[in-house]
Amino acid sequence: MNARVIDGKAFAARLTQDIAQAAGDLAARTGTRPGLGVVLVGEDAASQVYVRTKTRQAEACGFHSVQADLAADASQAEILAQVEALNADPAIHGILVQLPLPKGIDADRVTQAVRAEKDVDGFHYLNIGRLGAGKQDQAFVPCTPAGCMMLLRDALGADLSGRHAVILGRSNIVGKPMAQLLLAANCTVTIAHSRSADLPALCRGADILVAAVGRPELVRRDWIKPGAVVIDVGINRVASGDKSRLVGDVAYDEAAAQAQAITPVPGGVGPMTIACLLLNTLRAAHRHLN
Ligand code: GUN
Numbered sequence: 001m002n003a004r005v006i007d008g009k010a011f012a013a014r015l016t017q018d019i020a021q022a023a024g025d026l027a028a029r030t031g032t033r034p035g036l037g038v039v040l041v042g043e044d045a046a047s048q049v050y051v052r053t054k055t056r057q058a059e060a061c062g063f064h065s066v067q068a069d070l071a072a073d074a075s076q077a078e079i080l081a082q083v084e085a086l087n088a089d090p091a092i093h094g095i096l097v098q099l100p101l102p103k104g105i106d107a108d109r110v111t112q113a114v115r116a117e118k119d120v121d122g123f124h125y126l127n128i129g130r131l132g133a134g135k136q137d138q139a140f141v142p143c144t145p146a147g148c149m150m151l152l153r154d155a156l157g158a159d160l161s162g163r164h165a166v167i168l169g170r171s172n173i174v175g176k177p178m179a180q181l182l183l184a185a186n187c188t189v190t191i192a193h194s195r196s197a198d199l200p201a202l203c204r205g206a207d208i209l210v211a212a213v214g215r216p217e218l219v220r221r222d223w224i225k226p227g228a229v230v231i232d233v234g235i236n237r238v239a240s241g242d243k244s245r246l247v248g249d250v251a252y253d254e255a256a257a258q259a260q261a262i263t264p265v266p267g268g269v270g271p272m273t274i275a276c277l278l279l280n281t282l283r284a285a286h287r288h289l290n
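What follows is the structure in structure tokens.
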């Protein structure tokens with residue numbers, strides 16, 4: 001078998017076009033542009049690239065966008081003051097504090113300081129709770145798992161009932177919310193992680209395999225059930241001669257020989273995360289107006 005490539009880049013481009021159209025309609029009807037506020041602390045190179053991309057794409061969709069850059073030695077009080085300023089700004093509907101935050105900063109304090117109705121990352125406990133209670137229509141759903149669900153439905157159709165989904169990784173940002181979304185879609189869900197016994201055997205049971213562990217090319221050919229759909233959330237930079245390249249958590253060529261469909265890295269899940277952030281911000285603006 002040679003897997004179909006799930007083109008997240010093209011899917012995200014179409015979604016982003018629809019978001020731009022909807023933002024234009026909203027502005028024409030109400031005079032309100034969706035507003036995104038992004039807080040970046042420090043000079044982590046990858047975070048700088050992500051934040052720049054998010055801000056640029058928001059502007060390309062006609063959003064109002066504000067980026068607050070704080071120095072790496074900014075205090076917790078300074079970061080919280082920035083979040084409070086965005087909370088209080090009526091032109092801002094969605095707030096994102098880029099993670100990771102520098103050592104010594106209490107990331108939970110900061111993410112919980114974002115008002116739940118502006119929490120377009122879906123990190124606030126109210127939004128986590130709504131998702132866990134099966135009220136995802138009232139929640140902001142974290143962007144990466146939301147994007148993975150769209151790609152899965154594109155690959156398999158809307159109805160995922162009864163499929164066995166295995167998620168590698170139990171992070172609050174990806175693994176746990178992904179499990180909630182797959183459960184809500186009537187999948188049978190297994191969360192596997194670094195302490196699980198026999199990861200390859202667990203993964204071989206998967207009709208849907210979501211890899212989100214941050215370990216380059218951990219998942220090999222014999223971990224994959226023939227015909228499975230593989231969603232690779234990993235973005236790992238590895239040395240390649242005297243250069244570097246990005247690889248996922250899945251050994252792509254090996255997995256593509258087994259799977260029915262697979263996301264590439266780059267060009268799979270990554271662009272969907274940003275598109276879903278814009279979608280959450282558009283929704284936040286709609287909710288603010290209603
Ligand atoms: N860092 C890596 N992924 C994310 C994300 O989805 N949101 C935020 N705020 N920071 C991140």
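Mapping to UniProt numbering: the sequence shown position 49 is 49, numbers consecutive.
Every residue gets a Cβ at the ideal spot worked out from N, C-alpha and C, and that includes glycine.
Keep in mind that this is a model prediction, so the values were computed, not measured.
Cα-Cα separation, residue i to residue j
i: Phe11; j: Gly248; result: 19 Å
i: Ala237; j: Leu246; result: Before going further, note that residue 237 is Arg rather than Ala in the sequence given. Approximately 5 Å, taken between the alpha carbons.
i: Leu289; j: Val120; result: 16 Å
i: Val38; j: Glu78; result: 15 Å
i: Thr273; j: Ala197; result: 30 Å
i: Ala3; j: Gly175; result: 24 Å
i: Pro90; j: Ala206; result: 45 Å
i: Gly162; j: Cys276; result: 26 Å
i: Leu156; j: Gly268; result: 16 Å
i: Ala256; j: Leu209; result: 13 Å
i: Ile6; j: Asp106; result: 37 Å
i: Asp253; j: Ala81; result: 47 Å
i: Gly134; j: Asn186; result: 12 Å
i: Gln112; j: Ala28; result: 33 Å
i: Ser171; j: Leu40; result: 21 Å
i: Thr30; j: Val66; result: 21 Å
i: Ala74; j: Val97; result: 14 Å
i: Ala23; j: Thr32; result: 9 Å
i: His164; j: Asp232; result: 17 Å
i: Asp137; j: Gly122; result: 12 Å
i: Leu160; j: Ile173; result: 22 Å
i: Ala116; j: Asn127; result: 7 Å
Residue i Cβ short of 7 Å to ligand 1 heavy atom set
i: residue 311; result: The structure shown does not extend to residue 311, since the chain spans only 1 to 290, so no value can be given for it.
i: Leu99; result: yes
i: Leu96; result: yes
i: Cys143; result: yes
i: Thr273; result: yes
i: Ser44; result: At residue 44 the sequence reads Asp, which differs from the Ser that was named. No, since every heavy atom of ligand 1 falls outside the 7 Å radius drawn around the Cβ of Asp44.
i: Ile235; result: no
i: Ile173; result: yes
i: Asp249; result: no
Under 8 Å between C-beta atoms of residue i and residue j
i: Leu202; j: Ala192; result: yes
i: Arg204; j: Trp223; result: yes
i: Glu87; j: Val110; result: Just to set this straight, residue 87 is Asn in the shown sequence, not Glu. No; because the gap between Cβ atoms is not below 8 Å, this pair is not in contact.
i: Val141; j: Gly169; result: no
i: Arg221; j: Gln258; result: yes
i: Pro177; j: Pro145; result: yes
i: Thr281; j: Pro34; result: yes
i: Leu70; j: Ala285; result: no
i: Ala251; j: Val219; result: yes
i: Cys61; j: Ala20; result: yes
i: Gln57; j: Leu278; result: yes
i: Val229; j: Leu152; result: yes
i: Gly234; j: Ala211; result: yes
i: Val83; j: Ile92; result: no
Closer than 7 Å: residue i CB and nearest ligand 3 heavy atom
i: Asp121; result: Judged by which ligands are present, ligand 3 is missing from the structure shown, whose ligands are ligand 1.
### Task
Report yes or no: do three or more beta-carbon pairs, one from the segment 41-48 and one from the segment 257-266, lie closer than 8 Å?
no
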